[in-house]
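Last residue of the sequence shown: 500 (the numbering used here), numbering continuous.
Just so you know, even glycine gets a beta-carbon here, dropped at the ideal spot from N, CA and C.
Predicted, not measured: the structure shown is a model, and the values here were computed from it.
What follows is a set of notes on a single structure, which appears directly below.
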Amino acid sequence: MANLKEIRGRITSISSTMQITRAMKMVSAAKLKKAQDAIVMLRPYSEKLQEIIQNVNSSSDPDQVSIYAQKREVKKVLFIAVTSNRGLAGAFNSSVVKELNHQFQNNAQYEVEILTIGKKVYDAVRKSRAVFSNESAIFDNLTFDKVANITESVMTSFVEGKFDEVYVVYNKFINAATQEVITEQVLPISMVETEKEENQTETDYIFEPNRNEILDNLIPKSIKTQVFKAVLDSVASEHGARMTAMHKATDNAESLRNDLKIFYNKARQAAITNEILEIVSGAEALKNS
C-alpha cells in the first residue's frame, strides 16, 4: 500500500492539472465564440458567390471554359491539409492525418504533394511525403489576404500545369462537440449547373461588361473564399475540439482525485487503527508483566 505522503502528492498533482485543464477549457470557449461567428458569417457569402457563378455560367458561352475549370489527364495531385499548431484537442489533428493517408491510398497511382497549414500535419507528413509548402505561420495573424496569397500560388501552379487536381482536407465545424473531416475539390472547379427545384425561378442578371469577364473575376475570388472558409472552419473546430477535450480531462481528473481521496481516507483510517491496536497491545503487555 502506498504511504500517505505519496497519495497526498498525487492528489495535489491532480488538483493542479485540473486547474490547467479548466483554464484551457475557458480560453477555448472564449475563442470559439469569435471563430464560430466568423465562419457563420462567411458561409452565406461563399454559398451566394457559388450560386451567382452557377447562374452566370448557365448563360455564358459554353465554348469559353474558364482556365480554372479545365479538366486534363491527372498526373499530379496537391492536397491542402489544414490542422492546428497545437495539440491537446482530442482527435482533431489525427483525424485529418488519417483522412490524408486514406487519400494517399486512393491516389497511389498519381504523384502527390502536400501544402500544410498547421504544424501538426507538417510534422506528420514531412518525412514521408513531398511538401509543396508549409504555411503554418498564418495562424499567428489570420487574415483573408494571407490565405488568398497562398491560394494564389496554388492557382498559378495549377495554370502552369504543375498540378492537375487540388483538394483541401479539413475539419468542418458542426458544433462545439462535433467536427466532420471532409475532402473538397478546389481545382478544377465544377461548372456543372445544379438542378433547380420546381418552384425555384431562374435569376435574371444584367451583365456589365459581359458574362465571361465577370466569371474571370468571380471564379478566382470564389476559389480563395473556399480555401479561407476551410481554414476558418478548421479554427472553429479546433477550439470546439479543445474545449470538449479539456472538459472531459477535467471531469476525469476530478473523478480520479475523488477516488484517491477515498483511498487516502481509508489508508489514513487504517493507519490510525493500527496505531491504536499497537498502543492497546502495549498497555495489555505492561499489565501482564
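- Item | Where the alpha helix (DSSP H) containing K287 begins and where it ends | Along the sequence shown, one-based indexing puts residue 287 at 76. It is not in any alpha helix (DSSP H) - K287 instead sits in the beta strand (DSSP E) that spans K287 to V293.
- Message: What does the Cβ neighbour count give for L443, buried or exposed, with the cut at 16 atoms within 10 Å?
- Response: To locate residue 443, count along the sequence shown from 1; it is residue 232. That one is buried.
- Item | Buried versus exposed, by CB contacts within 10 Å (16 or more), A482 | Mapped onto the sequence shown, residue 482 falls at position 271. Exposed is the call here.
- In whole angstroms, what separates the C-alpha of V397 from that of A241? In the sequence shown, the residue the question calls residue 397 occupies position 186. In the sequence shown, the residue the question calls residue 241 occupies position 30. So the alpha carbons of these two residues sit roughly 31 Å apart.
- Query: How about the segment 258-265 and the segment 284-298: do they share at least three Cβ pairs that are nearer than 8 Å?
  - Reply: no
- Message: Judging by CA-CA distance, which residue of E449, A496, A246 and I231 is the nearest neighbour of N382?
- Response: Here residue 382 is taken as the residue at index 171 of the sequence shown, counted from 1. N382 has its Cα closest to that of E449, out of E449, A496, A246 and I231.
- Who are the Cβ neighbours of E391 in its own chain at under 8 Å, not counting the five residues just before and after it? Translated into the one-based positions of the sequence shown, residue 391 becomes position 180. Taken in chain order, the residues that qualify are N382, K383 and I385.
- Query: If you pair each beta-carbon of the segment 425-439 with each one of the segment 363-383, do three or more pairs fall below 8 Å?
  - Reply: yes
- Item | Reduced DSSP category for L299 - H, G, I as helix; E, B as strand; rest coil | Looking up residue 299 in the sequence shown gives position 88. L299 falls in the coil class under three-state DSSP.
- Message: Assuming contact is defined by CB atoms lying nearer than 7 Å, are S344 and L326 in contact in what I supplied?
- Response: As a working note, residue 344 is residue 133 in the sequence shown. As a working note, residue 326 is residue 115 in the sequence shown. Taking 7 Å as the cut-off, the Cβ atoms of S344 and L326 count as close.
- Would you tell me roughly how many angstroms separate the C-alpha atoms of T228 and Y475, rounded to the nearest one? Here residue 228 refers to the residue found at position 17 of the sequence shown. Here residue 475 refers to the residue found at position 264 of the sequence shown. Answer to the nearest angstrom: the Cα atoms are 19 Å apart.
- Query: Under 7 Å, do A460 and T223 count as touching if we go by C-beta distance?
  - Reply: Taking the first residue of the sequence shown as 1, we reach residue 460 at position 249. Taking the first residue of the sequence shown as 1, we reach residue 223 at position 12. No, they are not a contact pair.
- If you follow the alpha helix (DSSP H) that T389 is part of, which residue opens it and which one closes it? Reading the sequence shown from its first residue, position 178 is the one you call residue 389. From DSSP, T389 is part of no alpha helix (DSSP H) but of the beta strand (DSSP E) over T389 to L398.
- Is it buried or exposed for T484, if we count other Cβ within 10 angstroms and need 16 for buried? Here residue 484 is taken as the residue at index 273 of the sequence shown, counted from 1. Under this definition T484 is an exposed residue.
- Query: Tell me which same chain residues have a C-beta within less than 8 Å of the C-beta of L203, skipping the five on either side of it?
  - Reply: The structure shown does not extend to residue 203, since the chain is modelled only from 212 through 500, so no value can be given for it.
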